[in-house]
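Residues in the sequence shown are numbered from 155 upward in steps of one, following our numbering. Think of the CB as a built atom: it goes at the ideal place given N, C-alpha and C, for glycine as much as any other residue.
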Amino acid sequence: ESMTSSGQALGRLGPTRWVVMVFGALPLELIQLKIIRNFKGRSEAKLQRILEKSPERVEPRCPIFARCSGCQYQHLSYEAQLFWKREHVQQAFSRIAKIDVTVEATVPSPKVYHYRTKLTPHPQEP
């Protein structure tokens, strides 16, 4: 359905539209998952298998991408990364801050890889 700013695919399951977030999955993918954590209003799941891939899926260049997740969008085409980054800013203004603004398109970096200056560690499953 969508992507979180931490790189998790966000989907909704069943008639209650229960929110499930999965690292490694992408919007429009059909996946098999395993719920690993439940919270008050959502669950987190581990990607077990991709049954139907998104057209935006690319092979991550980093050999430890699946274990590290510091570059949380590396499995997503660069054009789609730019779209989702803009979408996260737009949502922060409209949904969270309740400010009606138009966010311009994300300016692409001249370097698609090797430009990061920070690490974003994510907790491992229990």
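Counted within 10 angstroms of its Cβ, other Cβ atoms place residue i as buried (16 or more) or exposed
i	result
Val255	exposed
Tyr267	exposed
Phe193	exposed
Ala259	exposed
Gln228	buried
Gly195	exposed
Gln235	buried
Leu187	buried
Residues that DSSP places opposite residue i in a beta bridge
i	result
Leu230	Arg211
Trp172	Leu167
Lys200	Phe177 and Lys188
Gln162	Phe177
Backbone CA spacing between residue i and residue j [nearest angstrom]
i	j	result
Tyr269	Pro169	42 Å
Val212	Ile250	31 Å
His242	Gly161	11 Å
Val173	Ser197	6 Å
Residue i CB to nearest heavy atom of the ligand ATP below 7 Å
i	result
Gly161	This structure lacks the ligand ATP, and indeed carries no ligand of any kind.
Meets three-Cβ-pair contact criterion under 8 Å: the segment 170-186 and the segment 205-215: Output reads yes: the segment 205-215 touches the segment 170-186.
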